[in-house]
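First comes the structure, then the notes that go with it.
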Amino acid sequence: MSGPPILEVRGVSRRFGGLWAVDSASLSVERGSITSLIGPNGAGKSTLFNIVSGFLRPDSGSVLFEGRAITGRPPHRIAQAGLVRTFQTPRALARLTVLDNLLLATPCHPGERLGRLLLAPGAARRRERQAVERARDLLRLVRLERHADDLAGVLSGGQRKLLDLGRALMAEPRLVLLDEPMAGVNPVVRNQLLEHIARVREELGVTFFFVEHDLEAVMRASDQVVVMSQGRVIASGPPSTIRSQAAVLDAYLGAGP
Amino acid sequence: MSTVASAEFWAFVGVVSGIYTVLALGIQLEFGFAGLLNFGHVAFMAIGAYSMAILTVKAGLSMWLAAVLGILLAAASGLLLGLPTLRLRGDYFAIVTIAFSEIVRYVATNEDSLTGGSQGTINLSGPGAAAQYNGQWERFQAWLQQTLHIGAKDAAMLLVVWVVALGLTAALALAMRTPWGRVLKAVREDEDVAASLGKNVLAYKLQALALGSAAAGLAGCLYAWQFSFFSPDDFAPLLTFFAWMIVILGGLGRTFAVPVGALAFGLVFAGTRFFDFAPFSYFDSAERAYLRLIVIGLLIILLVLFRPWGLLGRRQEALLE
Chain A
1 MSGPPILEVR
11 GVSRRFGGLW
21 AVDSASLSVE
31 RGSITSLIGP
41 NGAGKSTLFN
51 IVSGFLRPDS
61 GSVLFEGRAI
71 TGRPPHRIAQ
81 AGLVRTFQTP
91 RALARLTVLD
101 NLLLATPCHP
111 GERLGRLLLA
121 PGAARRRERQ
131 AVERARDLLR
141 LVRLERHADD
151 LAGVLSGGQR
161 KLLDLGRALM
171 AEPRLVLLDE
181 PMAGVNPVVR
191 NQLLEHIARV
201 REELGVTFFF
211 VEHDLEAVMR
221 ASDQVVVMSQ
231 GRVIASGPPS
241 TIRSQAAVLD
251 AYLGAGP
Chain B
258 MSTVASAEFW
268 AFVGVVSGIY
278 TVLALGIQLE
288 FGFAGLLNFG
298 HVAFMAIGAY
308 SMAILTVKAG
318 LSMWLAAVLG
328 ILLAAASGLL
338 LGLPTLRLRG
348 DYFAIVTIAF
358 SEIVRYVATN
368 EDSLTGGSQG
378 TINLSGPGAA
388 AQYNGQWERF
398 QAWLQQTLHI
408 GAKDAAMLLV
418 VWVVALGLTA
428 ALALAMRTPW
438 GRVLKAVRED
448 EDVAASLGKN
458 VLAYKLQALA
468 LGSAAAGLAG
478 CLYAWQFSFF
488 SPDDFAPLLT
498 FFAWMIVILG
508 GLGRTFAVPV
518 GALAFGLVFA
528 GTRFFDFAPF
538 SYFDSAERAY
548 LRLIVIGLLI
558 ILLVLFRPWG
568 LLGRRQEALL
578 E
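Chains as they are written, first to last, in the numbering used here: chain A, 1 to 257; chain B, 258 to 578.
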């Protein structure tokens, strides 16, 4: 894990009314790492994710993905560049099938352009066949293969979380931002999921950056931990050093007198 | 009660249903598949019809070329309206479209020198000369009657309109089964998710609006050919809502529900003409015309209450959040 970081956040701030939701936050995510972002409710984690993925503009500061500034670019451009996010509340496309939810994420699909669909229908069909194969593999990975042809709207909350993860991976990203991927997922599946994330990282070199409240899972699964509190980044480092830092305990348990 | 049995009358109902099918396919694409609340659909029908008539009469173009240009102009107007407004939230977009359709109608009413004004297309070449855009269409219809040995003019029109309507329906059904259609549906379900997966949401909405407007433009041309004459009042907002009723009646997000909805709507609308028995006989015929709309409104309310997924919609889909 050497070389320049895949993601750099430099002095990013964002204010909502009188409140600095993110207050000159800086952090970096190493390529190929599993990095987690922790902190109490209202620390600014989701706001930071929204800024990095282009859904919110920062008031100041910059975001660099693979060395290039992506600050203020529209979300779809950031996703096309290889940075894909999921949402805190799972966002299944309810009236599409589970399989279609995944197929939607296929990158650079010629069949998604009317012109190419009419001029080169063969290319679109070939791409679709490959995509279906890959989608079925990913559905097996997130344990939803039995539901491939069901409408996504019938899935439970935990299953929707898994669907979101599979859909994000389908987009062939180099960096995935996961907003609380384990919330509502049953503990057995949760452990398997962590193993799978580790495996996807090993095999495909995908970098993971996620917000999570399950501290035990965080400490076990991640290489790096970033701690936010009241909009600021108050600590970062490997789990072993984070565990012992007083500032982190303060943020979670309340500062002493 | 001779009209009930008249083939001519029912052929007319069929023709109008076919034209409504083409019009409503635009709403199905825009709202049923892409989630756009377009309450000004009729404006694009007006743009298609007027462009065709004006280019034929004033520019002396072939009516067929004029029709193609009219449809393209309707699509281009959709793009032009959508570019600044599709970034708005859905309900604000809806308000803008209503305003747009009224603006188009007022322009058509007041720009006498361009549109013939409130007197309609007969005034297109100015007072004193009865303008006519329909010559080529009538020759085509006569040729068709002769070639296919169809006696009645209405029967020929019925054939043309329904070939077009069902052809377009099939084309939309095919398009929605492609990855392109999948992205449109994703935009309808949750545009943030579509954007987070790299889809250019605005571009897809613009495409839906342009294609939907082109369908309305085509419906406008068919309407113009059927009636040989039209005026701005033919494009009142009510027509937009007829198209919406047809789509809701048939089933949202179901392509083949559109022709079924249009036929059902056409039959109910025409059928209520014959309400001359008690208690309807207490009203005179002018009042009864409004009564029809009330009856149709009640039917739609009952449908939405008891069968919100429409005649052909999927029950399961309507129940998901």
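We put the beta carbon where it would ideally sit given N, CA and C, even for glycine. Small disclaimer: the values here were computed from a predicted structure and weren't measured.
The beta strand (DSSP E) enclosing residue i, as first and last residue numbers
| i | result |
| --- | --- |
| residue 10 of chain A | 7–16 |
| residue 34 of chain A | 34–38 |
| residue 27 of chain A | 19–29 |
| residue 232 of chain A | 232–237 |
| residue 453 of chain B | Residue 453 of chain B -> not in any beta strand (DSSP E); alpha helix (DSSP H) instead, spanning 448–453. |
| residue 85 of chain A | 83–85 |
Cα-Cα separation, residue i to residue j
| i | j | result |
| --- | --- | --- |
| residue 110 of chain A | residue 123 of chain A | 7 Å |
| residue 505 of chain B | residue 555 of chain B | 14 Å |
| residue 257 of chain A | residue 250 of chain A | Below a pLDDT of 50, predicted positions are generally treated as unreliable, and residue 257 of chain A, at 45, falls in that range; the measurement from the model is reported next regardless. Going from the Cα of residue 257 of chain A to the Cα of residue 250 of chain A covers about 11 Å. |
| residue 409 of chain B | residue 119 of chain A | 41 Å |
| residue 225 of chain A | residue 147 of chain A | 34 Å |
| residue 275 of chain B | residue 414 of chain B | 10 Å |
| residue 322 of chain B | residue 90 of chain A | 50 Å |
| residue 407 of chain B | residue 312 of chain B | 30 Å |
| residue 212 of chain B | residue 477 of chain B | With chain B represented from 258 up to 578, any question about residue 212 of chain B goes unanswered, as that position is not in the structure. |
| residue 454 of chain B | residue 70 of chain A | 16 Å |
| residue 99 of chain A | residue 113 of chain A | 20 Å |
| residue 498 of chain B | residue 280 of chain B | 11 Å |
| residue 215 of chain A | residue 25 of chain A | 21 Å |
| residue 564 of chain B | residue 473 of chain B | 27 Å |
| residue 574 of chain B | residue 567 of chain B | 11 Å |
| residue 383 of chain B | residue 390 of chain B | 14 Å |
| residue 302 of chain A | residue 151 of chain A | With chain A covering 1 to 257 only, the question about residue 302 of chain A has no answer from this structure. |
| residue 210 of chain A | residue 512 of chain B | 41 Å |
| residue 135 of chain A | residue 196 of chain A | 16 Å |
| residue 370 of chain B | residue 317 of chain B | 16 Å |
| residue 443 of chain B | residue 551 of chain B | 36 Å |
N-terminal and C-terminal residue of the alpha helix (DSSP H) that residue i is part of
| i | result |
| --- | --- |
| residue 599 of chain B | Nothing can be reported for residue 599 of chain B: it is not among the residues displayed for chain B, which extend from 258 to 578. |
| residue 282 of chain A | Because chain A here runs from 1 to 257, residue 282 of chain A falls outside it and cannot be looked at. |
| residue 265 of chain B | 264–284 |
| residue 49 of chain A | 45–52 |
| residue 549 of chain B | 542–563 |
| residue 314 of chain B | 298–314 |
| residue 187 of chain A | 187–204 |
| residue 424 of chain B | 410–433 |
Candidates the options: closest to residue i by CA position
| i | options | result |
| --- | --- | --- |
| residue 518 of chain B | B:481, B:550, B:557, B:495 | B:557 |
| residue 327 of chain B | B:304, B:342, B:440 | B:304 |
| residue 185 of chain A | A:69, A:88, A:58, A:151 | A:88 |
| residue 3 of chain A | A:223, A:42, A:29, A:170 | A:29 |
| residue 320 of chain B | B:329, B:330, B:309 | B:309 |
| residue 76 of chain A | B:406, B:461, B:361 | B:461 |
| residue 441 of chain B | B:267, B:287, B:279, B:265 | B:287 |
| residue 175 of chain A | A:208, A:189, A:159, A:187 | A:208 |
| residue 36 of chain A | A:223, A:193, A:105 | A:223 |
| residue 516 of chain B | B:481, B:427, B:449 | B:427 |
| residue 297 of chain B | B:574, B:500, B:567, B:526 | B:500 |
| residue 485 of chain B | B:546, B:569, B:378 | B:378 |
| residue 350 of chain B | B:466, B:412, B:443, B:457 | B:466 |
| residue 341 of chain B | B:331, B:353, B:503 | B:353 |
| residue 290 of chain B | A:73, A:7, A:197, A:95 | A:95 |
| residue 213 of chain A | A:40, A:12, A:65, A:160 | A:40 |
| residue 572 of chain B | B:510, B:545, B:525, B:423 | B:510 |
| residue 32 of chain A | A:144, A:248, A:217, A:198 | A:198 |
| residue 325 of chain B | B:314, B:306, B:335 | B:306 |
| residue 282 of chain B | B:495, B:264, B:302, B:491 | B:302 |
| residue 173 of chain A | A:86, A:19, A:133, A:182 | A:86 |
| residue 346 of chain B | B:334, B:449, B:479, B:523 | B:449 |
| residue 127 of chain A | A:93, A:105, A:193 | A:105 |
| residue 528 of chain B | B:471, B:546, B:514, B:397 | B:546 |
Check: residue i C-beta below 8 Å from any heavy atom of the ligand PLP
| i | result |
| --- | --- |
| residue 353 of chain B | In the structure on display, the ligand PLP does not appear, and there are no ligands present to speak of. |
DSSP beta-bridge partners of residue i
| i | result |
| --- | --- |
| residue 228 of chain A | A:233 |
| residue 62 of chain A | A:10 |
| residue 211 of chain A | A:37, A:179 |
| residue 68 of chain A | A:65 |
| residue 97 of chain A | A:151 |
C-beta neighbour in chain D for residue i, strict 9 Å
| i | result |
| --- | --- |
| residue 462 of chain B | Checking the listed chains, one finds no chain D in this structure; the protein chains it contains are A and B. |
Q | Residue ranges of each alpha helix (DSSP H) within the region 466–533 of chain B, 4 or longer | A | 494–507, 514–528
**Q.** Unbroken stretches of the alpha helix (DSSP H), 4 residues or longer, contained in the region 100–180 of chain A
**A.** 114–119, 121–141, 157–170
Q. Where in the region 321–400 of chain B do unbroken runs of the beta strand (DSSP E), each at least 3 residues long, occur, reported from the N-terminal end onward?
A. none
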